[in-house]
Amino acid sequence: MKAQWNRALMVQASALALAVFGGVPGLATTARAADAMPQASGTSDNAQVMEIIVTAQRREESLQRVPVAVTAISSQQIEQLRVTSVRSLGGIAPSLQINTQGQQSNPTIIIRGIASGTSSNSVDPKVGIYIDGVYIGRAVGSLLDFGDIQRIEVLRGPQGTLFGRNATSGAISVTTTPPKGEWGLRATGSYGNYDAWRGKASLDLPQMGPFSVRLSYLHDQIDGDVRNLMAGKSLNITPRAAEFGTQRFVNRLGSRNVDSGQVAVRGEFGNLTADYRFDYADTRASGRAMQNLGVIPDASGQLLAPIVALQPFFGGITNAGTGPLDAVAAATSTEHVVTQGHSLTLTLEASEYFTVKSITSYRKFRQDPVVFDLGAAGGLRFTVQQLAALITPGLTPAQIQAALFNPANLPGPNDYFFPLLSARATSQKQFSQELQFLLQTHRYQLTAGLFYFEERSPGTEVLGILQPTPSATVVPSFLDGIFGNGLTRTYGVNHSMAGYAQFTWHLTDQFDLTGGARGTIDDRRLRIDSISGAQGGSLGVGDFKVDFSKATFTGIATWRPGNDATLFAKIATGYVAGGILSGIPYNPETLTSYEIGAKTQFLDNRVRVNASAYYNDYKDLQTQNFINGRQFFDNAGKAKIKGFEVETDIVPVNGVTLSGSAAYTDFQYKQFILNGVDVAAIARPTYFSKWTARLAGQYNSPEMARGGHATALIEGRYRSSYYLTATPLVNILTGQNVLEDRNHRPGYWLVNGRLGVVDMPVGGAKVGLSLFGDNILNKRYIAFGAPVLLFTGAFDRGRTYGVELGVSF
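In terms of our numbering, the sequence shown opens at residue 116 and continues consecutively.
(1) Taking only the alpha-carbon atoms, compute the straight-line gap between S727 and V877 and give it to the nearest angstrom.
(2) Any chance you could list the beta strand (DSSP E) runs of at least 3 consecutive residues sitting entirely within the segment 483 to 561, in chain order?
(3) Measuring CA to CA, which of R174, V181, R173, Q813 is closest to R675?
(4) First and last residue of the beta strand (DSSP E) that includes S370?
(5) With a 10 Å radius around its C-beta and 16 neighbouring C-beta atoms as the bar for buried, classify V656 as buried or exposed.
(6) Cβ of V328 within 7 Å of Cβ of P294?
(7) Which first and last residues belong to the alpha helix (DSSP H) in which E194 is found?
(8) With DSSP run on the structure shown, which of helix, strand or coil describes S466?
(9) When you compare each of A798, T575, L682 to S235 by their alpha carbons, which one comes out closest?
(10) Using only CA atoms, which one of V589, N740, T223 lies nearest to S231?
(11) Straight-line CA distance for D874 to N858?
(12) Expressed to the nearest angstrom, what Euclidean distance is found between the alpha-carbon atoms of T541 and G601?
(13) In this structure, does DSSP put V845 in helix, strand or coil?
(14) Check the DSSP bridge columns for A811 and list the partner residues they point to.
(15) Could you spell out the range, first to last residue, of the alpha helix (DSSP H) harbouring L598?
(16) Does the Cβ of R821 have 16 or more other Cβ atoms within 10 Å, making it buried, or fewer, making it exposed?
(17) Report the rounded CA-to-CA distance for P427 versus T433, giving the unit in angstroms.
(18) Which same chain residues, not among the five before or five after G693, have their C-beta less than 7 Å away from its C-beta?
(19) Where are the alpha helix (DSSP H) runs, 4 residues long or more, that stay fully inside the segment 563 to 613, in chain order?
(20) Can you round the beta-carbon distance between G206 and R809 to whole angstroms, since I take them to be within the 8 Å contact cut?
(21) Tell me, to the nearest whole angstrom, how far the beta carbon of G493 is from that of A445; I am working on the premise that it is less than 8 Å.
(22) Rounded C-beta distance between L318 and L330? I'm assuming under 8 Å.
(23) Per the contact definition of three or more C-beta pairs closer than 8 Å, is the segment 451 to 462 in contact with the segment 472 to 484?
(24) Helix, strand or coil: how does DSSP classify L418 here?
(25) Can K241 and V882 be called in contact, C-beta distance under 7 Å?
(26) Starting from N867, follow the beta strand (DSSP E) in both directions and report where the run begins and ends.
(27) Ignore the nearest five residues each way along the sequence and tell me which others in K685's own chain have a CB closer than 6 Å to its CB.
(28) Report all residues from its chain with a CB closer than 6 Å to the CB of A965; omit the five preceding and five following residues, and keep chain order.
(29) Leaving out the 5 sequence neighbours to the left and right, which residues in its chain are closer than 7 Å to V169 when beta-carbon positions are compared?
(30) On the three-state DSSP scale, how would you describe L886?
(31) Okay, do the segment 278 to 288 and the segment 367 to 377 touch, 3+ Cβ pairs below 8 Å being the bar?
(32) Have a look at D658 and R640 and give me their C-alpha separation to the nearest angstrom.
(33) Taking the alpha helix (DSSP H) that R857 falls in, what are its first and last residues?
(34) Closest to S547 by C-alpha separation, out of T605, Q322, I246, P209, would be which residue?
(35) Taking 8 Å as the cut-off, does the segment 901 to 909 touch the segment 482 to 499 (at least 3 CB pairs, one atom from each stretch)?
(36) With distance defined between alpha-carbon atoms, name the residue in M345, L387, N351 nearest to P325.
If you want it as C-alpha cells, here you go:
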C-alpha cells in the first residue's frame with residue numbers, strides 16, 4: 116500500500132511540475148517518439164510508447180533521462196516519413212525549419228530563431244551537422260543524402276561543450292546503421308509523379324573472423340517542376356574565369372539526380388571495436404525557379420525599373436508573377452556537387468567503468484562551376500549601348516530615346532542583361548581528430564576530450580551588377596568600376612583546436628549536478644587573389660589572418676522524482692568564430708541560454724509529454740544582407756530570444772500512436788547595425804516563423820491471417836507567417852516601405868500521408884507495398900527570397916505522390 120501511495124505522489128508531482136512549466140512563456144520539448152511502435156509491457160493490450168536511446172551527451176542514454184532538448188527520429192520513423200536527407204527534417208522537430216537557398220546544395224537551417232546557411236566557405240555554420248560523430252564543416256554539401264540511416268537527433272540550444280565545433284543554434288547528428296554480422300538484404304524502390312525514381316539497397320554480409328561488413332547504395336531522381344524558356348542556350352564565362360567555360364542552361368528547374376553509396380566495416384578485437392565508414396554522393400541538380408516579385412526602388416532600382424518596363428519592346432521576359440509560374444526564363448546551369456568522406460572510430464572498453472574513443476576523419480567536397488539565376492532576370496534583353504545611353508549624364512530625353520531604339524543598338528536573341536549575375540565554384544577538404552574519454556561509476560560520470568579540425572577551401576565567384584552580356588559572353592567592361600562587377604578568388608585555411616570536459620555528480624538517486632567547460636582556439640587565414648567591388652569588402656588583395664579564442668560552459672541541475680519524470684534547469688553558452696568573408700572582417704558571435712525542462716511518461720507509459728522553456732541572450736550575431744546591389748556581412752548587434760516547445764506521444768490502444776508538437780519563439784532585436792544605422796526597431800529574422808506545430812496519427816493493424824499487417828500514417832506540419840528580408844524594402848525617393856505584401860508570407864499546413872501493407876511473407880522474404888503523398892493539399896509557398904535589385908522569390912514544389920515496394924531477407 117505504501118509503494119502504491121508513493122507512486123501516486125510521484126505521478127502527481129510530475130503532473131504538477133508539467134503544469135507549472137506549461138504556464139511559463141517559452142518552453143522547449145526534449146524528446147520525441149512520434150511514430151513509435153508499441154512494445155511489450157505489463158498492460159493488458161501491450162501498448163506503450165517506445166523507449167529511445169540517444170547520444171546527445173556523447174554516451175548512450177535513454178532519451179527520457181537525458182537533460183537536453185533533443186528530438187530523436189528512429190530508422191522506422193525515417194522510413195515511414197520518407198526522410199531522404201537532412202532537408203526532409205523541416206518541421207519534424209519543434210522549432211526546426213529548413214529550406215534551400217534556391218540552389219539545392221545550400222540550406223538555411225533555423226533552430227529557435229537562429230538561422231545558419233551562409234554559402235561562403237569563410238563563415239562557420241550556426242547549426243553543427245555531424246555524421247557518425249564527424250563534424251561537417253561547410254553549409255554547401257551538408258544536405259547529405261543517405262540511404263542507410265539508423266537514427267537522427269536534433270539538439271536544440273547552444274552546443275558549447277561536448278560536440279566537435281561550437282554552435283549557437285543547435286546540432287543535427289546523423290547515425291548510420293552499423294553492420295550486423297549476419298546475412299541480410301533490405302531494398303526499397305518507389306516511383307512517383309515528376310518521373311521520380313528512388314531505389315536503395317543495404318546488404319549485410321556474414322561475419323568473417325573479427326570483421327562485419329555492410330554495403331549500401333541509393334539512387335534518387337526527380338524531374339524539375341518548372342519549364343525553362345531558355346533551355347539549351349548558354350553563357351560563356353571564359354573571359355572572366357577560364358575554368359568556368361560555357362555554362363549551358365537546364366531544360367527544367369528543380370530537378371535532382373543523386374547516386375550515393377556507403378561502406379561500413381566493423382572489426383571486433385576483444386575490448387577494442389574499430390568502425391570504418393566511407394560515404395560517397397554524386398549530385399546533379401538544377402536550382403529552383405526564381406520569380407520577379409517587383410523592382411526594388413533603391414538607387415540601382417531607379418535605373419533598373421525603366422529597363423524592365425521596356426522589355427515588351429525588345430522581346431524580353433520579366434518572369435514577373437506573385438503566384439507560381441509553370442515556365443520562366445532562367446540563366447541557370449546544372450549544379451554538380453560531389454561529397455565523400457572516410458572515418459575510423461576506435462572504441463576501447465578499458466574497464467567496466469572507463470572507455471576511450473578515437474574518431475579520425477577525412478572529408479571533401481567539390482562544387483563544379485555553376486551559374487544560378489538568383490536575380491530571376493535571365494530573360495531580360497538590353498545592350499551595353501542602351502545602358503550607356505541611360506547612365507551618360509547630360510543627354511536629353513529625346514537623345515536617350517533615340518539611342519534606346521536605334522536599330523544598331525537593339526538586343527539580339529543572345530544579348531542577355533542581368534540585374535545580378537552570379538556564378539561560383541568551390542571545394543573543401545577537411546581533417547578532424549577527436550580523442551574522447553568516458554568514465555562512469557555509480558556516483559559520477561565524466562566525458563572529456565580533445566578535438567582538432569583543419570580545412571582548406573578555395574572559392575571563385577563571378578559577380579555582375581546590371582551586367583549586359585553581348586552575344587551571351589560575360590566580358591570585362593567599363594561597368595566594372597561603376598557597379599563593382601568582377602571576379603573574386605579566395606583560398607581559406609582554417610584550424611580549430613579544443614579541449615572539453617563535462618562532469619555529472621549523482622548527489623542522490625534522484626538529483627544530479629552537471630558542469631561542463633570547453634576551451635576553443637580558432638586560427639583562420641584567407642588569401643584574396645582578386646575581389647570584385649560589389650562584394651562589399653574593406654580589404655583588398657592580400658594574405659590575411661585572424662585568431663580567436665573562447666571559453667564556453669554548461670551547467671545543469673536534474674531532478675528525477677520517479678522513474679517516469681525528469682526535470683531540469685540548464686544554463687549553456689555557445690560561440691561561432693569570426694573571420695573574413697570576401698574582404699569583410701567580422702567578429703565571433705556568442706549566445707547564453709537559460710532553460711528549464713520536464714520529461715514525463717504516465718498512464719503505464721501510454722502517454723509521453725516533454726516540455727521546456729528557454730531564454731537566450733544573443734550577442735554580436737553575424738548577419739548577411741544585400742543593399743543596392745552590395746553585400747553586407749557584419750556583427751549586427753544584440754537580440755533576446757525566448758520560447759517554449761512541447762511534444763507529446765499517446766498510445767491509447769495497441770497499434771495506434773498519436774503524436775504532436777508545438778513551438779513558439781519570440782525573437783526581438785535589441786540592436787541591429789546595418790550600413791552604419793541601427794535598424795533594430797524594424798528588423799526581423801528572415802524565413803522565421805514564430806509558431807511551428809506538428810500533428811500525426813499512425814495505425815498498425817494486428818497481423819493478418821497470412822502474415823503482414825496494414826499501416827496508415829497521416830501528418831500535418833504547420834508554420835506561421837514569415838518574412839523574406841531582414842528589413843522592409845524602402846523606396847529611396849519617398850522613404851516608404853514597398854512590396855511588403857509580397858515580402859510577408861502567410862502561414863500554411865503541409866499534409867503528408869502513407870497507406871500500405873508491410874511484412875507480408877513471400878517465399879523466404881518479407882514484402883511491403885505502400886502509397887505515399889507529400890504536400891497532399893498542393894500548398895504552394897515561397898521558401899526563399901532575395902533582394903537583389905529585383906525582389907525575387909522561389910516557390911517550392913507542389914504535391915508529390917507515388918508507390919513504394921520494399922523487400923527484406
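Glycine included, every Cβ here is placed at the ideal spot set by N, Cα and C. Everything numeric in this text was worked out from a predicted model, so none of it was measured.
With the structure as the only source:
(1) 47 Å
(2) 531 to 555
(3) V181
(4) No beta strand (DSSP E) holds S370; DSSP gives it neither H nor E.
(5) exposed
(6) yes
(7) 190 to 195
(8) coil
(9) T575
(10) T223
(11) 48 Å
(12) 17 Å
(13) strand
(14) S774, E830
(15) The sequence as given places Phe at residue 598; Leu does not occur at that position. 594 to 598 is the span of the alpha helix (DSSP H), which, as asked, contains F598.
(16) exposed
(17) 9 Å
(18) V661, F663, Y701, N702, P703
(19) 594 to 598
(20) 6 Å
(21) 5 Å
(22) 5 Å
(23) yes
(24) helix
(25) no
(26) 863 to 877
(27) I671, E710
(28) Residue 965 lies beyond the range of the chain shown here (116 to 924); nothing can be said about it.
(29) E176, L178, V181, V185, A187, E268
(30) strand
(31) no
(32) 7 Å
(33) 855 to 858
(34) I246
(35) yes
(36) L387
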